[in-house]
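J.: Pasting a structure below so you can have a look.
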Amino acid sequence: MIDFTQKVADLDLDAGDEPCGQLRRRSQYEFEYWPGATRPASLLMPIEDGLLRDGELFAAMDMNLPEGFLLAQLRERSPKTPPTKMQLLALMGSNGIGRLSFREPRAPPRERARAVSRKRLLQEGAGRNGKVFRELVDAYLSTGSGLSGVQPKVLVPDRTTIPIPNVLVKAGGADYPGLAANEFLCLEVARRAGLAVPRHELSDDGALLLIDRFDLNGATRLGFEDLAALMDLRVGGALSDRKYRGSYEAVTRLLRLVCSNAKKDLAVFFDQLALSVLVRNGDAHLKNFGVLYDDETRWLAPLFDVVTTTIYPYERAGQLVTDRTMALRLLSQGERRYPLREELIAFGNEHCGIARPGQRVDAVTEAMHTTLKGAQKDDRIPRRLLKSLAVEWEESLRHF
899 MIDFTQKVAD LDLDAGDEPC GQLRRRSQYE FEYWPGATRP ASLLMPIEDG
949 LLRDGELFAA MDMNLPEGFL LAQLRERSPK TPPTKMQLLA LMGSNGIGRL
999 SFREPRAPPR ERARAVSRKR LLQEGAGRNG KVFRELVDAY LSTGSGLSGV
1049 QPKVLVPDRT TIPIPNVLVK AGGADYPGLA ANEFLCLEVA RRAGLAVPRH
1099 ELSDDGALLL IDRFDLNGAT RLGFEDLAAL MDLRVGGALS DRKYRGSYEA
1149 VTRLLRLVCS NAKKDLAVFF DQLALSVLVR NGDAHLKNFG VLYDDETRWL
1199 APLFDVVTTT IYPYERAGQL VTDRTMALRL LSQGERRYPL REELIAFGNE
1249 HCGIARPGQR VDAVTEAMHT TLKGAQKDDR IPRRLLKSLA VEWEESLRHF
């Protein structure tokens, strides 16, 4: 049982393996760097500022607060005392994406999570009625989890040589059947088109997707901030819709300011955007793009959290409807509708500085055809899912 009855007012922070500062919850949130700190808690929180105050939790810390599935699981385990943000950070500990770690002052070291067999997960999958996945959630939730988003997922370690959980395990659900296989196929399209993607494997039953963390360089943790955090947006509470505000044009301006090699990363971003457009990923919001960094360099993170969303209708006013709009507008003064080929190519030219963006679009379309063909022979892919994806992808490809 997770105990949220104990108040948490102070948390010590590390950035990687170095002490960073202390977060305090008073009438406001306060963060103060330790004397001699050398690594910032965020790209938006310079060490020179010393003491920072904000009425809301700082964006780089808010970024990893659990929401959706994991938050519901935590509340289910402690229904009478909903967790505060400070308690959630304390629970997360060192398990969040990125290099920040949180611990209560003078608290004893938390017991490390037991390693789980990757081979077993791939062979057994989610188990009968999702039993294996539920057991994972029960076993590892109390060891801390820093995963945001609505999809059922949990971080687990697959070997003892890495001191933190290094494998993200994703499942589906009643509202999103075949979601793990859906994301697997989208990542396969990206891989075949030459995009950087984390190592990803689908279980034998097609119900679990295992993805290696992209913020680890061996045992070294890299800094990571999603684009919502870099825009100083807090989305871990009731105003989570803020991750859907803005445009991909605004993203290109941000990347020019943040990335060490903006020209290279704008080309990478165009590839990621083109793939999201073509596979009809309507959830490519500000939290699903991010920047990795070490002490010297900042670069765009590999593609993550990409699925074909248009195959999942939802209920509105008693009717099932399908959302066929993008998460963000393409242009700051534009619309959310999916762009046609010439509009996407113009975006690549004008806002990403790509000489021949049509070639990158063609690489994605070819990868989609190849992936669909290969999936026909893959027994792990549910036939109903594959049929739905084929309809959506083929309709999308008619415009490209």
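Adding 898 to a residue's 1-based position in the sequence shown gives its number in the numbering used here. Even glycine gets a Cβ: it sits at the ideal position worked out from N, Cα and C. In this text, all values refer to a predicted model and were calculated from it rather than measured experimentally.
#1: Quickly, what does DSSP pair T1118 with across the bridge? List them, please.
#2: Mind listing, in chain order, the continuous alpha helix (DSSP H) runs of no fewer than 4 residues lying wholly within the stretch 952-996?
#3: What residues are listed by DSSP as bridge partners for L1107?
#4: Within 8 Å, do at least three Cβ pairs link the stretch 952-964 to the stretch 1142-1158?
#5: Tell me the residue span of the beta strand (DSSP E) that contains A1172.
#6: How many Å lie between C1157 and L1198 at the Cα?
#7: What number of angstroms, rounded off, separates the C-alpha of L1242 from the C-alpha of A1172?
#8: Do the stretch 1126-1135 and the stretch 1101-1111 meet, that is, are 3 or more Cβ pairs less than 8 Å apart?
#9: Please report how far the alpha carbon of T1206 lies from the alpha carbon of A1265, in whole angstroms.
#10: Could you spell out where the beta strand (DSSP E) holding W1197 opens and where it closes?
#11: Are L963 and L942 closer than 7 Å when you measure CB to CB?
#12: Please say whether L950 and F929 have beta carbons closer to each other than 7 Å?
#13: Find out if the Cβ-Cβ distance for the pair A1225, D1181 is shorter than 7 Å.
#14: May I have the straight-line CA-CA distance separating P1200 from Q904, to the nearest angstrom?
#15: From the DSSP output, in three-state form, read off D1192 for me.
#16: Less than 7 Å separating the beta-carbons of C918 and A907?
#17: Within the continuous alpha helix (DSSP H) that includes D1260, where are the two ends?
#18: Out of R997, T1223 and V1065, which has the shortest C-alpha to C-alpha gap to T1305?
#19: Looking at the structure shown, is A913 part of a helix, part of a strand, or coil, going by DSSP?
#20: Given L1287, which residues of its chain have a CB within under 6 Å of its CB, disregarding the five upstream and five downstream residues?
#21: Apply the 10 Å Cβ neighbour rule to C1250 and answer buried if 16 or more other Cβ atoms are within range, or exposed otherwise.
#22: Could you check the C-alpha separation between L1228 and K978 for me, to the nearest Å?
#23: Report the option in T1195, R1222 and A1261 whose CA atom is closest to the CA atom of Q1170.
#24: Could you have a look at D908 and say whether DSSP puts it in helix, strand or coil?
#25: Helix, strand or coil: which one does DSSP assign to C1157?
#26: Can you tell me where the alpha helix (DSSP H) holding Q1217 begins and where it ends?
#27: So if DSSP puts Y927 in a beta bridge, which residue, or which two residues, is it bridged to?
#28: Return the first residue and the last residue of the alpha helix (DSSP H) that R1214 is part of.
#29: Across which residues does DSSP place D1124 in a beta bridge pair?
#30: Does the beta-carbon distance from I1109 to L1176 come in below 7 Å?
#31: Would you mind stating whether D910 and R1001 have Cβ atoms separated by less than 7 Å?
#32: For S1145, which beta-bridge partners are listed by DSSP?
#33: At what residues does the beta strand (DSSP E) containing L1085 begin and finish?
#34: Cα separation between R1026 and A970?
#35: With DSSP as the reference, label L1201 as helix, strand or coil.
T.: Short version:
#1: Within the DSSP bridge table, the entry for T1118 names N1115 as partners.
#2: Complete alpha helix (DSSP H) runs here, min 4: 957-960, 966-975 and 983-990.
#3: Bridge partners of L1107: K1068 and L1100.
#4: No, they do not touch.
#5: Judged by DSSP secondary structure, A1172 falls outside any beta strand (DSSP E) and instead within the alpha helix (DSSP H) spanning A1160 to L1176.
#6: In a straight line, the C-alpha of C1157 is about 7 Å away from that of L1198.
#7: Their backbone Cα atoms lie some 7 Å apart in a straight line.
#8: Segments in contact, no.
#9: Using only the alpha carbons, I get a separation of about 15 Å.
#10: From DSSP, the beta strand (DSSP E) with W1197 extends over R1196 to L1198.
#11: Taking 7 Å as the cut-off, the Cβ atoms of L963 and L942 do not count as close.
#12: Cβ atoms of F929 and L950: closer than 7 Å.
#13: It is a contact, given that the beta carbons lie within the stated cut-off.
#14: Computed Cα separation, rounded: 38 Å.
#15: The answer is coil: DSSP assigns D1192 none of H, G, I, E or B.
#16: Annotated as distal: C918 and A907, with beta-carbon spacing of 7 Å or more.
#17: Segment P1255 to A1273, the alpha helix (DSSP H) holding D1260.
#18: Any property of residue 1305 remains undetermined from this structure, which presents the chain solely from 899 to 1298.
#19: Correct three-state label for A913: strand.
#20: Within the same chain, L1287 has close Cβ partners T1206.
#21: Looking at its Cβ environment, which holds 16 or more other Cβ atoms inside 10 Å, C1250 is buried.
#22: As the crow flies, the alpha-carbon of L1228 is around 43 Å from that of K978.
#23: Cα-wise, what sits closest to Q1170 is A1261.
#24: The DSSP-derived three-state label of D908 is strand.
#25: In the three-state scheme derived from DSSP, where H, G and I count as helix and E and B as strand, C1157 is classed as coil.
#26: Note, Q1217: premise wrong, no alpha helix (DSSP H); beta strand (DSSP E) at Q1217 to V1219.
#27: Answer is R923 and D952, bridged to Y927.
#28: Not the alpha helix (DSSP H): R1214 falls in the beta strand (DSSP E), residues Y1212 to R1214.
#29: Answer is G1188.
#30: Against a cut-off of 7 Å, the Cβ pair of L1176 and I1109 comes out as no contact.
#31: Yes; because the gap between Cβ atoms is below 7 Å, this pair is in contact.
#32: According to DSSP, which records beta bridges pairwise, S1145 is partnered with R1227.
#33: Careful: L1085 lies outside any beta strand (DSSP E), inside the alpha helix (DSSP H) at L1077 to R1090.
#34: Roughly 22 Å separates the two Cα atoms.
#35: Looking at L1201 - three-state DSSP - the assignment turns out to be coil, as it is neither helix nor strand.
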